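Enquirer: Take this structure, written in structure tokens, and hold onto it; I'll ask about it next.
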Amino acid sequence: MYKTGKDQNSLTLYEPNMHRVDVEDFKGLEVVLMLSSAVIKDVFFNPSREMFNISSPPSTTQKRKNSGPVIGGRKSSGSGAIMTGALSQSPQQAPPAVNPRTQWEIDAETARLKAMVEAEEKERERQERAEQKRIKKMLEAEEKERLRREAEVAKETERLRKQYGVPAMPPPRVQFQPTEWAVSSTASSPTGTAETDEFEFGE
1196 MYKTGKDQNS LTLYEPNMHR VDVEDFKGLE VVLMLSSAVI KDVFFNPSRE
1246 MFNISSPPST TQKRKNSGPV IGGRKSSGSG AIMTGALSQS PQQAPPAVNP
1296 RTQWEIDAET ARLKAMVEAE EKERERQERA EQKRIKKMLE AEEKERLRRE
1346 AEVAKETERL RKQYGVPAMP PPRVQFQPTE WAVSSTASSP TGTAETDEFE
1396 FGE
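Residue numbering for the sequence shown follows the numbering used here, starting at 1196 and increasing by one per position.
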């Protein structure tokens, strides 16, 4: 038996009625019946607008009863925050002007680096000229050494020739031999015989 009143609700289950049901867990059945009666009471005796949360969203000053926050209100607040953040962003400002002292330091550093590069270039050219001079002196020294050795060889050869009495060999002389040409000519004689004239050129 279910009773409802202004201040309290009560549900009475009679034991004789429970014996008609073959159930192993009577306490569980009692709990199910109590919860079912509470649901039926809420559905039929409470206002439908408050029960199913279909009323208009309340203002921010009022609190909702037995209901969670409104999803639409949360979305609107979030979008408002996004729009507020977008409007609050200040436009990009131009970069500040360079301090004259900083500009002077930059110019001084640039001039120093340029002078350093020029000094390195001059040093490299000086080293190249010194290397060229060294190579030239080395070649001249090698040429002098070669001439000295040739002079020593000629001197030693002359000494050995005088020691062993070998006459000095004259330097080779190039001679041109004369060339001989033989020219033969054939002429017809009145008798029809061929006459051959040979000319020889020589010394």
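Backbone N, C-alpha and C define an ideal beta-carbon position, used for all residues, glycine too. Predicted model only: the values in this text are computed from it and were never measured.
Buried or exposed, going by whether 16 or more other CB atoms sit within 10 Å of the CB of residue 1385?
Expert: The residue labelled residue 1385 in the question sits at position 190 within the sequence shown. Caution is warranted here: a pLDDT of 48 is assigned to residue 1385, below 50, making its placement in the model unreliable, and no coordinate value can be reported.
Enquirer: Alpha carbon to alpha carbon, what distance is there between residue 1341 and residue 1335?
Expert: In the sequence shown, residue 1335 corresponds to position 140, counting from 1. In the sequence shown, residue 1341 corresponds to position 146, counting from 1. Looking at the two C-alpha atoms, the distance is approximately 10 Å.
Enquirer: Taking the alpha helix (DSSP H) that residue 1302 belongs to, which residues open and close that run?
Expert: If you number the sequence shown from 1, residue 1302 lands on position 107. Residue 1302 -> alpha helix (DSSP H) spans 1295-1359.
Enquirer: Tell me which same chain residues have a C-beta within less than 6 Å of the C-beta of residue 1401, skipping the five on either side of it?
Expert: Examination of residue 1401 is not possible in this model, given that the chain is present from 1196 through 1398 alone.
Enquirer: In whole angstroms, what is the alpha-carbon distance linking residue 1310 and residue 1317?
Expert: Here residue 1310 is taken as the residue at index 115 of the sequence shown, counted from 1. Here residue 1317 is taken as the residue at index 122 of the sequence shown, counted from 1. Their backbone Cα atoms lie some 11 Å apart in a straight line.
Enquirer: Taking only the alpha-carbon atoms, compute the straight-line gap between residue 1324 and residue 1337 and give it to the nearest angstrom.
Expert: Indexing the sequence shown from 1 puts residue 1324 at position 129. Indexing the sequence shown from 1 puts residue 1337 at position 142. One C-alpha to the other measures close to 20 Å.
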